[in-house]
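Chains as they are written, first to last, in our numbering: chain A, 1 to 208; chain B, 1001 to 1208.
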DNA sequence: CACAGCCAACCTACCAGTAGGTAGGCTGGT
DNA sequence: ACCAGCCTACCTACTGGTAGGTTGGCTGTG
């Protein structure tokens, strides 16, 4: 029984893991070969240049993201619940093994990446932003969320702030303590909950 | 006239710049030597191991931070103005030359850094958090800021959220567009402004 | 003053290790 | 016969780091 290029898939999965742990320039073909028990030249057979692997990792990441979003949409009940699932998944991914999200990882050494990957990366972050924006729009529409700022609420701006904060918190919480990720995201979400009496009841408070 | 170890200072400055642009493992002694017009071995004379340079960079960064904070304290008028100065300085640093803040840069390749540097890094992020916390406490005390969430306002939690968001926004705005940094930080700050009629007047709105 | 000694700062020349990448050969399934 | 998949063997470039030598300015001492 041959693996019928199972190896390629395994390479992608190991790469994705190493990417999150050490960044794109933080792992080598040697690392990949070692973990799969093959030789370095064999890795080059599947991904001739490391840039090819980079592109493939972008595709892999996109699938990973979309699969997550689909899951949150299926299981989630309303906007706030979806966001909380997103946050819980993010925290689990990051803190089980000291990883970053693959997007942040690629973003880290973006300046020295080929232009093709940079463009793909912009596209990826757009995909994520689109989903979160959709969730915020849903929350604003059904009254789960509201923006107390003057003017009309802008779900895209809120989503952007949400993502920026989430990524920053994941990043810094590795250093300062995981509990601060939860704390910060709760504090952010709190401020978008509508003003109700229940809001002062911890039972309905945001718990990520 | 000898430089009387001017070289060491220059090495630190070039290192700090390269750190922000490419991360700690993203530049080499060869790079430093080239930029100063000396040989690689001479760099080793000043910093025998790269870890020594790392530690020295932490000290350098601390001075850089403290100097900035002192500046904001002297020039700033109240809490919100201080925060805005902090944000403007951050944006200027980051977007003039596609740099990260040195703390984020070190944080990026933290896992593969020696323990001594990791500890120093925790200390550094504490220094930053302390200053921002102080500013938030000032703002809460003098009524410039308020937290609409239930329970007593926690200036440290607010400061943490502020910093996380700022770092995340700096990081992601390189990819998505600088203007979103300003937009997001404004949106965050807006929600901590007290509810006044003026708040609906754009003239007194937050502009970073 | 002259001179010896010291030392920071720099140099050339090297090391082992690893990076990404290539050339070409073997093998087993279709 | 073909070819994906894997191999050995190799390349160049570069990494952090070391050994050992040269220079030239400061210093204390006769």
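Note that CB positions come from ideal geometry on N, CA and C, so glycine has one too.
- Three or more beta-carbon pairs separated by less than 8 Å are not found between the segment 1141-1160 of chain B and the segment 1057-1071 of chain B, which leaves the two stretches without contact.
- Contact residues of the segment 8-30 of chain A toward chain B are 21, 22, 23, 25 and 26 (C-beta to C-beta distance below 8 Å).
- Considering only 53(A), 30(A), 75(A) and 82(A), the residue with the shortest C-alpha distance to residue 131(A) is 82(A).
- The straight-line gap separating the alpha-carbon atoms of residue 1152(B) and residue 1146(B) is approximately 10 Å.
- Using a CB distance cut-off of 8 Å, residue 165(A) counts as an interface residue toward chain B.
- In the structure shown, residue 1170(B) falls within a helical segment according to DSSP collapsed to helix, strand and coil.
- The C-alpha of residue 1106(B) is placed about 13 Å away from the C-alpha of residue 1167(B).
- Residue-level contact check: residue 1057(B) does not touch chain A, since none of the beta carbons of chain A fall below 8 Å from its beta carbon.
- Taking all protein chains in view, the Cβ of residue 74(A) is surrounded by fewer than 16 other Cβ atoms within 10 Å, so the residue is classified as exposed.
- If one requires a minimum length of 4 residues, the alpha helix (DSSP H) runs lying completely within the segment 140-192 of chain A are 155-176 and 179-190, in chain order.
- Taking all protein chains in view, the Cβ of residue 1100(B) is crowded by 16 or more other Cβ atoms within 10 Å, so the residue is classified as buried.
- Here residue 1102(B) carries a helix assignment [DSSP, helix/strand/coil].
- For residue 65(A), the enclosing alpha helix (DSSP H) has its first and last residue at 50-75.
- Beyond the five residues adjoining it in sequence on each side, residue 1030(B) comes within less than 8 Å, by CB distance, of 1040 in the same chain, given in chain order.
- Only residues of its own chain outside the window of five on either side were considered, and among them 106 have a CB closer than 6 Å to the CB of residue 121(A), listed in chain order.
- In the DSSP assignment, residue 78(A) falls within the unbroken alpha helix (DSSP H) covering 78-95.
- Look at residue 1111(B) here: in three-state DSSP terms it is helix.
- For residue 1176(B), the nearest CB of chain A lies under 8 Å from its own CB, placing it at the interface with that chain.
- Residue 15(A): member of the alpha helix (DSSP H) spanning 6-22, first to last residue.
- Interface flag for residue 1111(B) against chain A is set, since a Cβ pair is found closer than 8 Å.
- If you draw a straight line from the Cα of residue 1136(B) to the Cα of residue 1158(B), it comes to about 7 Å.
- For the pair residue 116(A) and residue 194(A), the Cα-to-Cα distance works out to about 43 Å.
- Under the three-state reduction of DSSP output, residue 1026(B) falls in the helix class.
- Interface criterion met: the Cβ of residue 187(A) is under 8 Å from a Cβ in chain B.
- Note that the segment 47-66 of chain A touches the segment 13-30 of chain A; at least 3 beta-carbon pairs, one per stretch, sit closer than 8 Å.
- Under the 8 Å criterion on CB atoms, residue 130(A) is classed as non-interfacial with respect to chain B.
- Here DSSP, grouped into helix, strand and coil, assigns residue 37(A) to coil.
- Interface residue (Cβ-Cβ distance to chain A less than 8 Å): residue 1096(B) is not classified as such.
- At a cut-off of 8 Å between C-beta atoms, residue 136(A) does not count as an interface residue with respect to chain B.
- Residues 1145 of the same chain have their beta carbon placed closer than 6 Å to that of residue 1192(B), with the five preceding and five following residues left out of the count.
- The C-beta distance from residue 187(A) to residue 1188(B) rounds to 11 Å, too long to meet the 8 Å contact threshold.
- The Cβ of residue 42(A) sits no closer than 8 Å to any Cβ of chain B.
- Exclusion of the five residues before and after residue 181(A) leaves 91, 169, 170 and 173 as the residues of its chain whose Cβ lies within less than 7 Å of its Cβ.
- Leaving aside the five residues that flank residue 127(A) on each side, the residues in its chain whose CB is nearer than 8 Å to its CB run, in chain order, 62, 65 and 66.
- Using a CB distance cut-off of 8 Å, residue 168(A) counts as an interface residue toward chain B.
- Taking all protein chains in view, the Cβ of residue 23(A) is crowded by 16 or more other Cβ atoms within 10 Å, so the residue is classified as buried.
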